[in-house]
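Right, one structure below, let's go through it.
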Amino acid sequence: MAIWNGGIAIQGALIGGFVTAILYTRYYKLNFWELADIMAPAIILGQAIGRIACFLNGDAFGSPTNSGLGLVYPPGTMAYDTYGSQPLWPAEIWEGQWDLIVFSILMVMKNKKWPKGFLFISYNILYSIGRFLLEFLRGDSPRYAFNWTAGQWTSIVVILLSIAVMSSLVSERKRSLQTFFTNF
């Protein structure tokens, strides 16, 4: 695998990291949600930095545009190999900016009292919303049903699962508070 050629999907890495974190926390008898909440801001900040690498590498690029916002990539990049000297939407730059916005939101949220796991689930939802929308501008991914990319389909699944988990976490917290006040 030549990672310097790009094409490595971040969503697959995130899912792999999620499974690994579950196994790690079970093995060491740690609370998964506490670890996930601690890691969420660092993960999204790492993703923002990774999008700079995507820009420099010429992968995760946008589709052709006539807008003055388009970027022309140099020969030898995946973007140039695909579209030549056509200006392309700067999708990877905008995703990096979105990642920094999500990072900022998480940093504000982390100082509030939330159920365990809430920060991590918020990260999943916020990142996936941005990813879903920005995928419409991407020019490096095949399209499937509804003309959506695999990244969009993955984002929808992550959003729906995350909303279900978030609802469960909030309901569980409400039950614990009710039990506390009932027994008080």
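In my numbering, the protein residues as written are 7 to 190.
Ideal Cβ positions, reconstructed from N, Cα and C, are used throughout, including at glycine.
Keep in mind it's a predicted model, so treat the numbers as computed, not measured.
Counting only runs of at least 4 residues, the stretch 62-125 fully encloses the following alpha helix (DSSP H) elements, listed from N- to C-terminal order: 84-89 and 97-115.
As the crow flies, the alpha-carbon of A156 is around 14 Å from that of G136. Per DSSP, the continuous alpha helix (DSSP H) segment holding Y30 begins and ends at I16 to Y33. Secondary structure of R149 (DSSP, three-state): coil.
Sorting P96, N130, A19 and I21 by C-alpha distance to the C-alpha of T71 places P96 at the top. When only Cα atoms are considered, R149 and Q158 end up about 10 Å apart.
Under the 10 Å beta carbon count, T160 is surrounded by 16 or more other beta carbons and is classified as buried. Close CB contacts of T83 within its chain, under the 6 Å cut and outside five residues either way in sequence, are with G64 (chain order). By the neighbour-count definition (other C-beta atoms within 10 Å, threshold 16), D87 is an exposed residue.
Rounded to whole angstroms, W120 and E40 show a C-alpha spacing of 11 Å. Counting C-beta pairs with one atom in each stretch, the stretch 45-65 and the stretch 101-113 have three or more that are closer than 8 Å, which means they touch.
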